[in-house]
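See below for the structure under consideration.
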Amino acid sequence: MKMQNKSQQLFTSFVVKTATTLLPFIQHCLNGVSRNKAKSIMAGGGVRVDRAIVKQFDYELQPGMRVEISRHKPKNELSNKFVRIVYEDSQIIVIEKAIGILSMASMNHPYCVKTILDEYFRRTHQKCTAHVVHRLDRDTSGLLVYAKTQRAEQILENNWQNIVTDRRYVALVSGRMEEKAGVVRSWLKDNKAYFTYSSETDNGGKYAVTHFKTIKAADRYSLVDLKLETGRKNQIRVHMKDLNHPVCGDIKYGNGDDPIGRLALHAFRLNFFHPITGEPLRFETSYPKNFLSVFHSSADR
Numbered sequence: 001m002k003m004q005n006k007s008q009q010l011f012t013s014f015v016v017k018t019a020t021t022l023l024p025f026i027q028h029c030l031n032g033v034s035r036n037k038a039k040s041i042m043a044g045g046g047v048r049v050d051r052a053i054v055k056q057f058d059y060e061l062q063p064g065m066r067v068e069i070s071r072h073k074p075k076n077e078l079s080n081k082f083v084r085i086v087y088e089d090s091q092i093i094v095i096e097k098a099i100g101i102l103s104m105a106s107m108n109h110p111y112c113v114k115t116i117l118d119e120y121f122r123r124t125h126q127k128c129t130a131h132v133v134h135r136l137d138r139d140t141s142g143l144l145v146y147a148k149t150q151r152a153e154q155i156l157e158n159n160w161q162n163i164v165t166d167r168r169y170v171a172l173v174s175g176r177m178e179e180k181a182g183v184v185r186s187w188l189k190d191n192k193a194y195f196t197y198s199s200e201t202d203n204g205g206k207y208a209v210t211h212f213k214t215i216k217a218a219d220r221y222s223l224v225d226l227k228l229e230t231g232r233k234n235q236i237r238v239h240m241k242d243l244n245h246p247v248c249g250d251i252k253y254g255n256g257d258d259p260i261g262r263l264a265l266h267a268f269r270l271n272f273f274h275p276i277t278g279e280p281l282r283f284e285t286s287y288p289k290n291f292l293s294v295f296h297s298s299a300d301r
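Next up, the structure:
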């Protein structure tokens with residue numbers, strides 16, 4: 001109880017009355033504090049929107065949202081180049097993963113997001129470990145939720161399809177997308193070399209459905225919004241290959257197009273019902289800046 005009271009004292013709560021963005025809202029609430037000071041508060045994890053830490057200064061606010069602001073950087077904040085905490089409570093933790101690290105350990109890569117979180121829990125004297133619920137490829141960035149209790153883990157794993165209401169990715173793909181929107185449906189199956197093959201007819205694999213929407217299209221590249229109806233291994237990467245617009249930087253399923261030096265796939269949205277309270281939770285990150293940078297070149301204007 002003492003910890004809760006201390007947290008309540010650190011944050012001052014405000015309710016959004018009219019639609020706006022986060023930065024001017026903070027400035028107004030703090031009596032005209034400077035933009036740099038407001039951004040510093042956000043960068044330090046001192047702003048929460050509907051209980052989730054938000055650091056995006058142009059984050060859109062709608063009437064009824066609750067914004068909590070602190071002038072102090074929270075103690076014991078996780079500082080790691082691979083992991084940023086977006087939301088945390090006693091049952092779950094939502095993080096944004098950088099490229100270059102696995103969601104959970106493998107034989108060759110013991111250092112992973114789980115080990116980072118477990119160390120953070122030890123350092124902050126939390127009697128829990130991170131339970132893996134879903135994964136992102138090593139070279140895919142974006143939002144992940146981990147359970148902090150076995151109860152939360154079991155509920156998330158057993159009811160994933162019903163609990164998750166929107167799971168969205170953004171991808172930079174090769175070539176100009178011809179269609180503005182559509183759906184890819186196929187069966188996905190691995191061969192002995194762990195290469196995933198796609199078939200329009202049942203090949204004994206797993207049925208996969210990906211919804212796509214073209215955000216921006218140019219001669220050489222396109223930016224695509226991707227929504228998973230199913231969550232299969234390599235689903236997005238294989239389905240974009242099926243459309244003849246592979247994800248840029250994909251060394252396994254791509255065509256060698258690599259304008260930004262990474263797999264251009266980012267999990268930017270994750271909405272789900274809290275496994276214990278049933279509360280609807282919504283998380284979203286900005287598109288990676290380098291996904292957009294290719295459109296500034298003279299060839300793709």
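The numbering of the sequence shown is full-length UniProt numbering, which starts it at 1 and goes up by one.
Ideal placement from N, C-alpha and C gives every residue a C-beta, glycine not left out.
No experiment lies behind these values; they were computed from the predicted model shown.
From residue i to residue j, what does the alpha carbon distance come to, in whole angstroms?
i	j	result
V15	M42	17 Å
R35	G205	53 Å
Y169	A267	4 Å
L61	R167	20 Å
S298	I260	Low confidence applies to S298: its pLDDT is 44, below 50, so where it sits in the model is not reliable, and the reading given next is rough at best. Cα to Cα, S298 sits roughly 16 Å from I260.
C29	V164	33 Å
G249	L23	34 Å
E119	V132	15 Å
S13	E68	4 Å
Q8	E279	Only weak support exists for where Q8 lies, its pLDDT of 41 falling under 50; the value from the coordinates is given anyway. So the alpha carbons of these two residues sit roughly 20 Å apart.
Q4	K127	Caution is warranted here: a pLDDT of 35 is assigned to Q4, below 50, making its placement in the model unreliable, and the coordinate value is therefore given only provisionally. Approximately 17 Å, taken between the alpha carbons.
E88	T201	42 Å
K55	K39	8 Å
M177	N159	34 Å
Please determine, among the options, the residue with the shortest C-alpha to C-alpha distance to residue i.
i	options	result
N271	L61, K227, A217, K55	K227
V184	N191, S174, A208	A208
T20	F57, L30, A52	F57
I85	G249, M107, A130	A130
I95	R269, L292, N290, G278	R269
N234	F195, D225, V224, K216	F195
I116	S106, N244, L78	L78
S90	Y146, V47, M107, H296	Y146
Are the CB atoms of residue i and residue j nearer to each other than 8 Å?
i	j	result
G256	V247	no
K37	I93	no
R237	L188	no
S186	D242	yes
P288	S141	yes
I101	P275	no
F273	L143	no
F82	V113	yes
H239	T210	yes
Starting from residue i, trace the alpha helix (DSSP H) in both directions and tell me its first and last residue.
i	result
H28	22-29
L292	289-293
L10	2-10
DSSP has residue i in a bridge; who is on the other side?
i	result
E284	R269
F212	G182, L226
I53	R48
Starting from residue i and walking both ways along the beta strand (DSSP E), at which residues does that stretch end?
i	result
F57	Premise fails: F57 is in no beta strand (DSSP E) and is neither H nor E.
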